[in-house]
Amino acid sequence: MPTQTARRGRRPATDMSRTTTGRWSPYTVVARAAGGRAARDLAVTLPDATARELRVAGEAVRDGVEDMPDLLRTGFVVALLVSLVAPLRRLIGLREVERFGTGLGLAAVFDARRRDDR
Amino acid sequence: MNGDNYDAVLIGSGPGAAVTALALGRAGLRVLVVEEGWWVAPGRYEHFSLEQMRHQYRNRGLTVALGRPSIAYSEGRGVGGGSEINSGLYHRPSAELLSAWSRRWAIEELSAAELSAHCDAIERRLLVAAGPDTATPAFNALRDGAARLGWRCQQIDRWAAPEWGSGGAERRTMSTTYWQDALAAGVELLAGVRASRIDIVRGRATGVRLVDLRTGRTRRVRGSHVFVCGGAIHSPALLQRSGVRGAIGRRLALHPTVKVVAEFADDVNPPHDVPANQVREFAPGFTLGGSASTPALIALALAENWKEFGSAAERWRRCFVYYAAVQGLGRGGIRAVPGFTAPLVTYRLVTEELRLLRQGLARLLEVLLSGGAVCAYPSFAGAPKVAGPADVPAAVRALTRSTANLMTVHICGSIPLGEDPSRCGADSFGKIHGLDNVYVADGSMLPSAPGINPQGTIMALAARNVTRFLAGG
Numbered sequence: 001m002p003t004q005t006a007r008r009g010r011r012p013a014t015d016m017s018r019t020t021t022g023r024w025s026p027y028t029v030v031a032r033a034a035g036g037r038a039a040r041d042l043a044v045t046l047p048d049a050t051a052r053e054l055r056v057a058g059e060a061v062r063d064g065v066e067d068m069p070d071l072l073r074t075g076f077v078v079a080l081l082v083s084l085v086a087p088l089r090r091l092i093g094l095r096e097v098e099r100f101g102t103g104l105g106l107a108a109v110f111d112a113r114r115r116d117d118r
Numbered sequence: 001m002n003g004d005n006y007d008a009v010l011i012g013s014g015p016g017a018a019v020t021a022l023a024l025g026r027a028g029l030r031v032l033v034v035e036e037g038w039w040v041a042p043g044r045y046e047h048f049s050l051e052q053m054r055h056q057y058r059n060r061g062l063t064v065a066l067g068r069p070s071i072a073y074s075e076g077r078g079v080g081g082g083s084e085i086n087s088g089l090y091h092r093p094s095a096e097l098l099s100a101w102s103r104r105w106a107i108e109e110l111s112a113a114e115l116s117a118h119c120d121a122i123e124r125r126l127l128v129a130a131g132p133d134t135a136t137p138a139f140n141a142l143r144d145g146a147a148r149l150g151w152r153c154q155q156i157d158r159w160a161a162p163e164w165g166s167g168g169a170e171r172r173t174m175s176t177t178y179w180q181d182a183l184a185a186g187v188e189l190l191a192g193v194r195a196s197r198i199d200i201v202r203g204r205a206t207g208v209r210l211v212d213l214r215t216g217r218t219r220r221v222r223g224s225h226v227f228v229c230g231g232a233i234h235s236p237a238l239l240q241r242s243g244v245r246g247a248i249g250r251r252l253a254l255h256p257t258v259k260v261v262a263e264f265a266d267d268v269n270p271p272h273d274v275p276a277n278q279v280r281e282f283a284p285g286f287t288l289g290g291s292a293s294t295p296a297l298i299a300l301a302l303a304e305n306w307k308e309f310g311s312a313a314e315r316w317r318r319c320f321v322y323y324a325a326v327q328g329l330g331r332g333g334i335r336a337v338p339g340f341t342a343p344l345v346t347y348r349l350v351t352e353e354l355r356l357l358r359q360g361l362a363r364l365l366e367v368l369l370s371g372g373a374v375c376a377y378p379s380f381a382g383a384p385k386v387a388g389p390a391d392v393p394a395a396v397r398a399l400t401r402s403t404a405n406l407m408t409v410h411i412c413g414s415i416p417l418g419e420d421p422s423r424c425g426a427d428s429f430g431k432i433h434g435l436d437n438v439y440v441a442d443g444s445m446l447p448s449a450p451g452i453n454p455q456g457t458i459m460a461l462a463a464r465n466v467t468r469f470l471a472g473g
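The listed protein sequences derive, respectively, from chains A and L. Just so we're aligned, residue 1 is where the first sequence starts under the numbering used here, counting upward by one. Just so we're aligned, residue 1 is where the second sequence starts under the numbering used here, counting upward by one.
Dropping the structure here:
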């Protein structure tokens, strides 16, 4: 194990590298699908959103899925798959997936607008 | 001395760990602290921003206790833990609370008098004091509304310099106080390192297995004593993964919270601060207060009814998020699941809590309307817009198990202190029942949801326990 983060009498390194970036997994595919879907849904929910804002929202949802606790993420994937099957759309999956995507997507858009304002 | 041998290994770096590490370091022990997150300079990320959530919250804050309804919770992740991201509101634990815990949970030597010196020291180090009376309408809405209704509203002390609210750089977090002192005392701190398991042989911890999150490399360190300080979710999960049985993770205590976005006639919103005013007229049943209100968080609070409420997000400067937090009465649990890093977290909301949430929602709407809000948007599915007192009953009726959108930022009680091993995970001073040299020093050890912001209580208990440990108790 490298020792670059160990310091005696000094604060540790501030490396912010993420452990998930750049790695492929089935979850990254699902995360991208969830992000794309959230962006499409948001275009209806928030008609004045710009293309850039929708992209930011989609990325936030994608990253959100990737960073979820792994146990919840598994449940999310099941819910997402359920929601894609038309006869099951009104069952458990759709509402939770939509709530997650809409909430996080809206938050990302307004966070971006706030940053643009400053 | 072997480089991997320590007198004490601490897992986690939140407020309980910081107090413990400093005391151990100053006593001359060789101390290693491992923290899964990173060291983030105060002010690097805008307070309450999504960027901060990405870097300083566990799983970006996308964590939930499953139940009906499920309850979203958030935890800090990084050196300093929750102290780096919270609102900086300080409560000294009351004599009544400590006495009730001592009596109901058979906790020895727990009283306001026993904790007094520890609280004094913590308050001095964190510069705990009443903040400036900022006269911001969003803050004063609670105070003015309560005054008109004849309710008790209290300004809560904070650990912050007068510059609080200017971006967070002046906050007294663990990384700016206790960890600076601990490192100066020789404590070693590894950031970006996860403890995957504690090796336990015949009731005694022999070492801790670590994983470097950047490289994936593993390592084992030996510690004469191990302190679990990973928070109320991950401390019990780690102990369970390490094969510890008993009253570990069988309970979970929290403050279920319902939120409301209030809109005012004028600009009221300082997005980086929360009101220090809390309406405590109905405590311990429930408390009313203000919450982080960045545009993103306002949009999130309105998302449940976006079609009806969404336009208010464009007027975010006139809006602020408030909450009613009830004293938790339900019961939850944490269960490590093989093959997953995250444990299964559940919480069963009891009927009495739902009743208190409805009462809290009603009182919150009343005080906001009395305090100058022109309307309010309850944050749960199907809620009606509240434009006057006549609308309050309909909003209360709309809050059900099916519609509720609850959250909490205070989680505790998963390894409660107490002398009865059948109910308590640790003894009166934090030593895990059944183990010789493993201790808990975080929110897990609080026996129940305290009805107040818990950081001050966690720190005081940790200081008390480590003092006892060093005295050979």
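A virtual CB, placed ideally from N, CA and C, is assigned to each residue, including glycine.
Counting beta carbon pairs with one atom in the region 410-421 of chain L and one in the region 253-268 of chain L, are three or more of them shorter than 8 Å? In the pairwise beta carbon analysis, the region 253-268 of chain L is classified as touching the region 410-421 of chain L: at least three pairs are separated by under 8 Å.
At the level of alpha carbons, what is the spacing between residue 33(A) and residue 62(A)? The straight-line gap separating the alpha-carbon atoms of residue 33(A) and residue 62(A) is approximately 8 Å.
Distance check for residue 107(A) and residue 297(L), CA to CA, integer angstroms please. Rounded to whole angstroms, residue 297(L) to residue 107(A) spans 6 Å at the Cα level.
Output the boundary residues of the beta strand (DSSP E) element that contains residue 5(L). Counting along the chain, the beta strand (DSSP E) containing residue 5(L) begins and ends at 5-11.
Run through chain A and tell me which residues come within less than 7 Å of residue 49(L), C-beta to C-beta. Within chain A, the residues near residue 49(L) are 111.
Interface flag, residue 167(L) vs chain A, CB-CB below 8 Å: The predicted model places residue 167(L) with a pLDDT of 45, which falls under 50 and marks its position as unreliable; any figure quoted below should be read in that light. Judged by the 8 Å Cβ criterion, residue 167(L) is not in contact with chain A.
Three-state secondary structure (DSSP) at residue 291(L)? In the structure shown, residue 291(L) adopts coil according to DSSP, grouped into three states.
Among 130(L), 196(L) and 140(L), which one has its Cα closest to the Cα of residue 372(L)? Looking at the Cα atoms, 140(L) is the closest of the given residues.
Within 8 Å (strictly less), CB to CB, does residue 138(L) reach chain A? Not one chain A Cβ lies under 8 Å of residue 138(L).
What residues in its chain sit with their C-beta under 7 Å from that of residue 274(L), if we drop five residues either side in the sequence? 87, 290, 291 and 292.
Are any of the Cβ atoms in chain L nearer than 8 Å to that of residue 41(A)? No, because no Cβ of chain L sits closer than 8 Å to the Cβ of residue 41(A).
Residue 307(L) in three-state terms, based on DSSP: Note: residue 307(L) maps to helix in three-state DSSP.
Quick one: using the 10 Å Cβ neighbour count with 16 as the cut-off for buried, is residue 101(L) buried or exposed? Buried is the call here.
Let me check understanding here. Comparing Cα to Cα, which of 366(L), 43(L), 339(L) and 322(L) lies closest to residue 69(A)? Closest by C-alpha distance to residue 69(A), out of 366(L), 43(L), 339(L) and 322(L), is 339(L).
What is the C-beta distance between residue 326(L) and residue 353(L), in whole angstroms, given that I count them as a contact (C-beta under 8 Å)? Contact holds; Cβ gap of about 6 Å.
Examine the Cβ distances between the region 56-65 of chain L and the region 192-211 of chain L and report whether three or more of them are shorter than 8 Å. Below 8 Å, too few C-beta pairs join the region 56-65 of chain L and the region 192-211 of chain L to call them touching: fewer than three.
Which residue from 426(L), 267(L) and 299(L) puts its Cα closest to that of residue 119(A)? Nothing can be reported for residue 119(A): it is not among the residues displayed for chain A, which extend from 1 to 118.
Using Cβ-Cβ distances below 8 Å, what residues of the region 48-62 of chain A are close to chain L? Only those residues of the region 48-62 of chain A whose C-beta falls short of 8 Å from the nearest C-beta of chain L are listed: 60.
Contact with chain L by residue 69(A), beta-carbon distance below 8 Å: Interface flag for residue 69(A) against chain L is set, since a Cβ pair is found closer than 8 Å.
Taking the C-alpha atoms as reference points, what is the distance between residue 399(L) and residue 7(L)? Going by C-alpha positions, residue 399(L) is about 52 Å away from residue 7(L).
Can you tell me where the alpha helix (DSSP H) holding residue 102(L) begins and where it ends? Segment 95-105, the alpha helix (DSSP H) holding residue 102(L).
Taking the alpha-carbon of residue 481(L) as reference, which of 57(L), 103(L), 38(L) and 123(L) has the nearest alpha-carbon? Here chain L covers residues 1 to 473 and nothing more, so residue 481(L) does not appear.
Beta-carbon gap between residue 246(L) and residue 425(L) smaller than 8 Å: Taking 8 Å as the cut-off, the beta carbon of residue 246(L) is found closer than this to the beta carbon of residue 425(L).
Does the pairing of the region 445-460 of chain L with the region 14-21 of chain L give three or more beta-carbon distances under 8 Å? Three or more beta-carbon pairs separated by less than 8 Å link the region 445-460 of chain L to the region 14-21 of chain L, which places the two stretches in contact.
CB contact check: residue 447(L) to chain A, cutoff 8 Å: No, residue 447(L) lies away from the interface with chain A (no Cβ there is under 8 Å from its Cβ).
Just to confirm, are residue 44(A) and residue 80(A) a CB contact at a threshold of 8 Å? No, the pair does not count as a contact, with Cβ atoms beyond the cut-off.
Can the beta-carbon of residue 191(L) be found closer than 8 Å to that of residue 82(L)? No; because the gap between Cβ atoms is not below 8 Å, this pair is not in contact.
Assign residue 469(L) to one of three DSSP states: helix, strand, or coil. Three-state DSSP puts residue 469(L) in a helix.
Please state whether DSSP places residue 110(A) in a helix, a strand or coil. Here residue 110(A) sits in helix by DSSP.
What would DSSP say about residue 450(L), mapped onto helix, strand or coil? Judged by DSSP in its simplified three-state form, residue 450(L) adopts coil rather than helix or strand.
Residue 101(A) classed as buried or exposed, judged by whether at least 16 other C-beta atoms fall within 10 angstroms: Burial call: buried.
In the structure shown, what three-state DSSP assignment does residue 437(L) receive? Of the three classes helix, strand and coil, the one that applies to residue 437(L) here is coil, per DSSP.
Less than 8 Å between CB atoms is the rule here; does residue 103(A) satisfy it with respect to chain L? Taking Cβ atoms only, chain L reaches closer than 8 Å to residue 103(A), which makes this a yes.
Just to confirm before moving on: does the CB-CB distance between residue 112(L) and residue 95(L) stay below 8 Å? Annotated as proximal: residue 112(L) and residue 95(L), with beta-carbon spacing under 8 Å.
Spell out whether any CB of chain L is found under 8 Å from the CB atom of residue 28(A). Judged by the 8 Å Cβ criterion, residue 28(A) is not in contact with chain L.
Pairwise C-alpha distance: residue 48(L) and residue 109(A): If I take the Cα positions, the gap works out to 15 Å.
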